[in-house]
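Participant: Residues -21 to -1, 1 to 261 (mature numbering (1 follows the signal peptide of the UniProt record, and there is no 0)) are what the sequence shown spells out, left to right.
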Amino acid sequence: MKLIRSVFIFLSLAFSLNTTAESVVIECYECTSEQRHSKALSWGEINAPYIPKPYVDMYDPPLITILNLKGAKASTYKVWKEDGFYTPGASRQFHVIARQTETDVKVASLLDELKHSLNDFRGTVLSMTVPDDVIEDAWEFVGCGYCKDRVHEWLEGKFGYHKERVSQTIADLVAEFHLIRDELPRTYRLDLEAGGYIVIELTLRADTEFSLEVLEAFDQDNNEIELDVTNLGSTAYYLNDADRAREINDFIIDFGYFLPTQSGRVTIEQCPDGDVVGGPCS
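1. Count the CB pairs spanning the segment 145 to 157 and the segment 180 to 188 that are closer than 8 Å, and state whether there are at least three.
2. Go to residue 147, then tell me how far its beta strand (DSSP E) extends in each direction, as first and last residue.
3. If you run the structure through DSSP and keep just helix, strand and coil, what is residue 160?
4. Among the candidates 1, 83, 48 and 27, whose CA atom is the shortest distance from the CA of residue 165?
5. Leaving out five residues before and five after residue 120 in sequence, what residues of the same chain have Cβ atoms less than 8 Å from its Cβ?
6. Relative to the C-alpha of residue 236, which residue among 258, 222 and 217 is closest?
7. Along the chain, where does the beta strand (DSSP E) that runs through residue 215 open and close?
8. Nearest to residue 220 by CA position, among 232, 198 and 208, is which residue?
9. In three-state DSSP terms, what is residue 205?
10. To the nearest angstrom, report how far apart residue 231 and residue 218 are at their CA atoms.
11. DSSP on residue 192, reduced to helix/strand/coil?
12. Kindly confirm or deny that the segment 127 to 139 and the segment 235 to 252 touch, where touching means at least three C-beta pairs closer than 8 Å.
13. What is the DSSP secondary structure of residue 54, reduced to helix, strand or coil?
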């Protein structure tokens, strides 16, 4: 009787399963490795075929690739169901197996191209220096409504082929695997000719457009500049030269703040009410 049952299972599997594995790619935009595994298990709860343990090596279970575009990472799993813990009188239980295997060749190839293009793009960005006719001083970013657009406009003419290569690879991934999200943010340091640097987030997409956010700004004395005017008060900075305070004041006096003209540790102060000629904010 056991032999007949085994033959029946074997024949059933032969008709219900292909010897060539099904391949599915699932988008998971910002998944950790644990989340990718969990995603594969969730897919298997509904879709995975039942394969008894003795027959797993005879048939290729479906290959499920979980693709994280933002991290440029992917994990491929063989997914199937086995018999779960048996409880007399209870309904039949199944246990989903998601066993990681070599990443799908097509996905791996496109992700490799994405990583190479991103590395080249990063090298291009890091080699740039924002000229002082675009940004006069790192302190210009304080409460600045136009600085981001100026940097964006300046960058537009500098990227050329390297940005287009990244965007084309994103477009290939989106088209091949029907991805919903195509944005790819990366953080870079961008030096300023006037001294100091800014930290920016560039977001590339499948088209040729990109967006930019200025996250941080540092001046020539390596002070981190408070970009929000409302947080300027009572902030301490270190100045190597007292004359530097006068240069900074050109950018903050209009907001009602000033730095005393001294070197060393200097604290931003509010302009006095009714400041007279010759006063710190006149």
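Note that CB positions come from ideal geometry on N, CA and C, so glycine has one too.
Facilitator: Taking the coordinates as given:
1. yes
2. Per DSSP, residue 147 belongs to no beta strand (DSSP E); it is in the alpha helix (DSSP H), 140 to 156.
3. Here residue 160 sits in coil by DSSP.
4. 48
5. 114, 126, 177, 193, 196, 204 and 206
6. 258
7. 215 to 218
8. 198
9. coil
10. 16 Å
11. strand
12. No, the segment 127 to 139 is not in contact with the segment 235 to 252.
13. strand
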